[in-house]
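Chains as they are written, first to last, in our numbering: chain Y, 2 to 466; chain A, 16 to 162.
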């Protein structure tokens, strides 16, 4: 492997001229100074001459000459000189001299445990998957926060305020809930799109979006979105391998015609077949659950808790929720109490984790965790998805444990909740208010401690590597 | 993309705006764009973000617009220096304008444009372009140095 003493990234908003002039200037100046350099360009075409994690690792210094984001979080822990693209063009020799002289600042290492935990699965494929997932999650997060908070605010007019038939109906609340809902419904498509974009750049964005929409409308939830993201990305990778032999003159045709048409076709058909069983999974789970309706609080709580936290909005979670609302209509207020507890716990778990284990989470996660206290309190389980989507194999079991505890305690204490959503806002109509809140808090605190320990373990392991 | 009909030597322009006007006019006349106003505005918009006046008298204005229908390179050699707020403060004598359609997906075109931009960082090329007297010479210098 070639190693470079200095690495650099250039970029400008239009991405036609300055990006490449800065690249040329830096390369010339490095040559003049007799040092090796690799310059990554962020232009209109996309990222070219991309720096690998190993090259970043080995380099002594990083020069960023850009007027746009060049994903500088990759350089966490490195010494970075950060200037405008014009400076990169005009003062390239000075920048190289500064880089060699040890100037610049070390980019926030502690702020970004994310970047350092990339080695979690020993680099290679594991790191690649993690990076792709992270790209999806970081783009999805603002949609969850924006939509979730607006929906939560709409509940302040009453949990039925968006229903024109209800006496609580309020136009502003209905509008807020509608807007919030649209933002939250974009979560799965966005997650999918940016996982695919991380794998296959712009062409991947197309397949990822379409795949994600199918996952969303097919009821496959965020786990379906992760599947469609990877599928969409690798379909483009596959197509680009197949098209390698095509003459270069057809590059334009590839980008504007072949990738979109064939990519969307392939991802669409695949996702269609993947989402077909979702309905039967959903029905199967409802049937399964029906058999346990009258079993002991511990068994029922365990099943409901695991189901609600397993896919947060996917077919399994919906099976529990729909069963709850159906039983509510029949006058059974006990069952829904456990479902609600199990749905409220996951976001609260993230809130508890970021409060108790603050230093192991990065700033975005910390803020998202705090917002999740509001979302959890209003039964918006989706708030926990960004945390789960990053590392489903470790995080989902933790969520399931926390939700199960909340549900088991709720059933044992015979709480009755006559409303299908709204979280703590419906407390006035709950029978066994303190018991219910207590059950949820205990589940959330246990889950939060476990989630914090998982994050602590990941961060410390990453440091050792 | 680089054609003699898009090159003008001995252009009389007193200001940056006059240069933009000339680029817009020629691009519409040679059917690279459908609207004079759009090209003119596009060039000005880009200029507002940061100067395209580089060093040693070269400027590389560019615009990306829906009204631009094919990617093109327009080269003007100016009779006298024009004030451009350039990186080194010198007046501009040589203008290489890049026009890009808003939805340009052709990576070959984009790569070519970026290669031309890179050329302007090379001292010897800049000298050659300054010395060039005819359209044919300018085309030849640029084509010899991009692949």
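For every residue, glycine included, the Cβ atom is placed at its ideal position computed from N, Cα and C.
Item	Value
Determine the direct distance from the alpha carbon of residue 151(A) to that of residue 234(Y), and round the result to whole angstroms.	46 Å
Below 8 Å on the Cβ atoms is my guess for residue 400(Y) versus residue 439(Y); work out the distance and round it to an integer in Å.	With a Cβ gap of about 19 Å, residue 400(Y) and residue 439(Y) do not count as contacting.
Within 10 Å of its beta-carbon, does residue 453(Y) have 16 or more other beta-carbons around it, so buried, or fewer, so exposed?	buried
Compare the Cα-Cα distances from residue 285(Y) to each of 397(Y), 177(Y), 261(Y), 319(Y) and report the closest residue.	319(Y)
Span of the beta strand (DSSP E) holding residue 9(Y)?	7-12
Measuring CB atoms only, is the segment 176-185 of chain Y touching the segment 136-155 of chain Y, in the sense that at least three cross pairs come out at less than 8 Å?	yes
Do residue 140(A) and residue 17(A) have their C-beta atoms within less than 7 Å of each other?	no
Flag this pair as touching only if the segment 372-381 of chain Y and the segment 421-435 of chain Y have three or more C-beta atom pairs under 8 Å; answer yes or no.	yes
Counting only the same chain and skipping the five closest in sequence on each side, list residues whose C-beta sits under 8 Å from that of residue 48(Y).	41, 42, 202
Could you give the residue range of the alpha helix (DSSP H) that holds residue 62(A)?	51-64
For a cutoff of 7 Å on Cβ pairs, would you count residue 77(A) as touching chain Y?	yes
Is residue 89(A) near residue 153(A), with beta carbons less than 7 Å apart?	no
Report the neighbours of residue 87(Y) on chain B: residues whose CB is nearer than 8 Å to its CB, in chain order.	Annotation note: the requested chain B is absent from the structure, which comprises protein chains Y and A.
Relative to the alpha-carbon of residue 96(A), which residue among 31(A), 62(A), 23(A) has its alpha-carbon at the smallest distance?	31(A)
Run through the DSSP bridge pairs and tell me what residue 78(A) is partnered with.	114(A)
Once the 5 residues before and after residue 198(Y) are set aside, which same chain residues still bring their CB inside 7 Å of it?	136, 205, 206, 209
Taking 7 Å as the CB-CB limit, is residue 248(Y) close to chain A?	no
Based on the DSSP secondary-structure assignment, which residues constitute the bridge partners of residue 251(Y)?	Answer by DSSP bridge pairing: none, since residue 251(Y) is not bridged.
Just to confirm before moving on: does the CB-CB distance between residue 403(Y) and residue 350(Y) stay below 7 Å?	yes
Just the Cα atoms here: how many angstroms apart are residue 307(Y) and residue 419(Y)?	22 Å
Quick check: the segment 52-66 of chain A against the segment 119-130 of chain A, are at least 3 beta-carbon pairs closer than 8 Å?	no
Can you give me the start and stop residues for the beta strand (DSSP E) that residue 395(Y) sits inside?	No beta strand (DSSP E) contains residue 395(Y), which is instead part of the alpha helix (DSSP H) from 393-413.
Taking one C-beta from the segment 354-368 of chain Y and one from the segment 319-337 of chain Y each time, how about it: are there three or more such pairs within less than 8 Å?	no
For residue 42(Y), which three-state DSSP category applies?	strand
Taking a contact to mean a Cβ-Cβ separation below 7 Å, would you say residue 44(Y) touches residue 16(Y) in this structure?	yes
Along chain A, which residues have their Cβ under 7 Å away from the Cβ of residue 252(Y)?	121, 122, 123
Would you give the residue range spanned by the alpha helix (DSSP H) that residue 265(Y) belongs to?	260-291
Counting only C-beta atoms, is residue 129(A) closer than 7 Å to chain Y at any point?	yes
Kindly give me the distance between the Cβ atoms of residue 97(Y) and residue 81(Y), rounded to whole angstroms, as I take these residues to be in contact under 8 Å.	Contact flag wrong, Cβ pair sits at about 14 Å.
Under a CB-based cut-off of 7 Å, is residue 45(Y) close to chain A?	yes
When you compare only the Cα positions, how much space is there between residue 299(Y) and residue 406(Y)?	9 Å
I need the DSSP call for residue 123(Y), collapsed to helix, strand or coil.	Legend: pLDDT at residue 123(Y) = 41, less than 50; position of this residue unreliable, value from coordinates given subsequently. If DSSP states are grouped into helix, strand and coil, residue 123(Y) belongs with coil.
Could you confirm whether any beta carbon from chain A is found closer than 7 Å to the beta carbon of residue 25(Y)?	yes
Rounded to the nearest angstrom, how far is the Cβ of residue 34(A) from that of residue 109(A), given a contact under 8 Å?	Residue 34(A) to residue 109(A), Cβ: 11 Å. No contact.
CB of residue 99(A) to nearest heavy atom of the ligand NAD: below 6 Å?	The ligand NAD is not part of the structure shown, which contains no ligands of any sort.
Buried or exposed: residue 10(Y), going by 16 or more other Cβ atoms within 10 Å of its Cβ?	buried
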